[in-house]
Each structure stands twice: as structure tokens, then as C-alpha cells.
Amino acid sequence: AQRVTQPEKLLSVFKGAPVELKCNYSYSGSPELFWYVQYSRQRLQLLLRHISRESIKGFTADLNKGETSFHLKKPFAQEEDSAMYYCALSPSGFSSNDYKLSFGAGTTVTVRA
Amino acid sequence: DTAVSQTPKYLVTQMGNDKSIKCEQNLGHDTMYWYKQDSKKFLKIMFSYNNKELIINETVPNRFSPKSPDKAHLNLHINSLELGDSAVYFCASSQVSGAAVVLTFGAGSRLTVL
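Sequence lines, in order, name chains A and B.
Residue numbering for the first sequence follows our numbering, starting at 1 and increasing by one per position.
Residue numbering for the second sequence follows our numbering, starting at 1 and increasing by one per position.
See below:
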């Protein structure tokens with residue numbers, strides 16, 4: 001079974017400070033990992049995925065298979081980063097379960113001026 | 001030009017009633033989903049359809065019945081509503097991208113059961 005854990009429910013940082021959202025997963029195969037973001041009054045949307053290895057809005061996330069982690073980081077948080085962030089896991093393969101994207105409990109980030 | 005649209009956006013109803021939420025996507029995706037976000041913001045998959053065929057059916061009371069008339073539509077009907085059904089229901093669609101599934105979400109339908 002696949003499981004995603006986000007240990008922090010709430011995270012508050014000052015503007016300009018670094019921010020790191022923790023995500024750990026358990027899955028027996030080779031997973032695909034994602035971060036989704038939900039800004040206030042907006043729909044949930046994809047922020048980044050590990051296979052893209054890209055930086056979106058200054059955020060990066062590295063998949064660490066040894067530690068089964070996919071932490072999201074940004075060196076200098078901005079007020080517009082305040083949102084709900086979900087870590088998600090998708091199996092990679094070609095069975096029906098591959099469509100089962102599992103989400104962590106979410107972390108609410110507040111960036112204060 | 002909304003990619004995934006849900007109606008209604010808000011729904012307030014009494015316990016015991018039956019209600020439906022509709023979802024449509026214009027992305028040409030093959031797979032559609034219903035997710036439930038509870039009061040603690042926990043997001044959990046309920047159902048998934050691929051080309052009108054049910055492929056994921058999580059442990060959901062059988063009062064919940066999804067229907068997919070075509071691959072662009074996935075509706076959710078709920079019978080005998082209970083207080084615990086109050087939540088935000090998100091529709092989503094996806095196309096397999098490489099080896100992974102990337103979801104596009106609707107804006108959500110907030111259901112309040114009184």
C-alpha cells in the first residue's frame with residue numbers, strides 16, 4: 001500500500017526566510033512524487049513533480065529514495081507563497097492502481113511580513 | 001475556458017435528502033476522479049473512471065454513486081445525506097504523462113448537510 005506523510009499541519013515563516021515542507025512516503029515500488037498547492041479561494045493545482053527536476057516559483061523538491069522523502073524547499077519565502085501544500089504519490093506502471101494518486105494530509109503555510 | 005468545471009459550487013441541504021454534483025472536463029482526458037476534502041483538509045480519493053469504466057472504488061458508503069455518461073463527464077449522486085457527508089468534493093481529470101498521472105482539479109463543490 002502507498003502512504004504519504006506530511007508531519008507538519010501548520011508552518012509559519014517570515015518573509016525572506018527559508019521554508020521547508022516535509023514529506024515522507026512509503027511504497028514498495030518506484031513512485032512518482034508531486035507537490036500540489038491550493039491558494040486561498042483557488043483550485044488545487046500541480047506545483048511540481050520530481051521527474052521534471054525543475055524549480056517552480058522558486059520551489060524545488062528532491063526525491064531521496066534512501067530516506068523515502070520528497071521535501072519541498074524555497075530559500076526565500078514570499079507572502080504569496082501562503083497556501084495549503086499537498087505532497088502526493090502516484091505509482092508508476094500500467095495497472096488501474098496507477099491512477100490512484102494518494103495525498104498527504106497537507107501543510108498550511110503562512111508567510112508573515 | 002475552464003478545464004474542469006463542477007456544479008454547483010455550493011450546496012446546502014437537509015439530512016436525508018438526495019443530491020447530485022456534476023463535473024465536466026474539456027481537456028480530452030481519459031480518466032476522471034472524485035476526491036473528498038474533509039474539515040481537516042484531508043484529501044481522499046473516492047472514485048475513478050477511465051473511459052466511462054469504474055477503475056477505482058475506495059471504501060465509500062454505497063449511498064454514493066458515481067455515473068459517467070461519457071469520458072468528459074463524471075457525476076456524483078449521494079442518497080440519504082448524513083451530517084458527515086459535509087465536505088468539499090473535488091472532481092479531477094488526468095492523462096498519463098510519461099510514467100505518471102498528473103491531475104487537473106475542478107474548483108470544488110462545498111456540500112453542507114444540516
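Glycine included, C-beta positions come from ideal geometry on N, C-alpha and C.
Treat the numbers as computed from the prediction; the structure is a model and nothing was measured.
Check                                                                                                                                                      : Outcome
K41 of chain B CB to nearest chain A CB: under 8 Å?                                                                                                        : yes
How should L114 of chain B be labelled, buried or exposed, when 16 other C-beta atoms within 10 angstroms of its C-beta is the threshold for buried?       : exposed
Run through DSSP, which three-state label would E82 of chain B get?                                                                                        : coil
Determine which residues of the segment 99 to 110 of chain B have a Cβ less than 9 Å from any Cβ of chain A, and write them out in chain order.            : A99, A100, V101, V102, L103, T104, F105, G106, A107, G108
Below 7 Å on C-beta distance, what does Q2 of chain A contact in chain B?                                                                                  : The premise fails here: Q2 of chain A is roughly 11 Å from chain B at the closest Cβ pair, so nothing lies under 7 Å.
Ignore the nearest five residues each way along the sequence and tell me which others in E79 of chain A's own chain have a CB closer than 7 Å to its CB.   : K15, V111, A113
Taking 8 Å as the cut-off, does the segment 103 to 112 of chain B touch the segment 33 to 45 of chain A (at least 3 CB pairs, one atom from each stretch)? : yes
Given A105 of chain A, which residues of its chain have a CB within under 6 Å of its CB, disregarding the five upstream and five downstream residues?      : Q6
Which residues in chain B have a C-beta closer than 9 Å to the C-beta of R114 of chain A? List them in chain order.                                        : For residue 114 of chain A there is no data in the structure shown, the boundaries of chain A being 1 and 113.
Straight-line CA distance for S109 of chain B to K67 of chain B?                                                                                           : 17 Å
Please report how far the alpha carbon of Y36 of chain A lies from the alpha carbon of C87 of chain A, in whole angstroms.                                 : 6 Å
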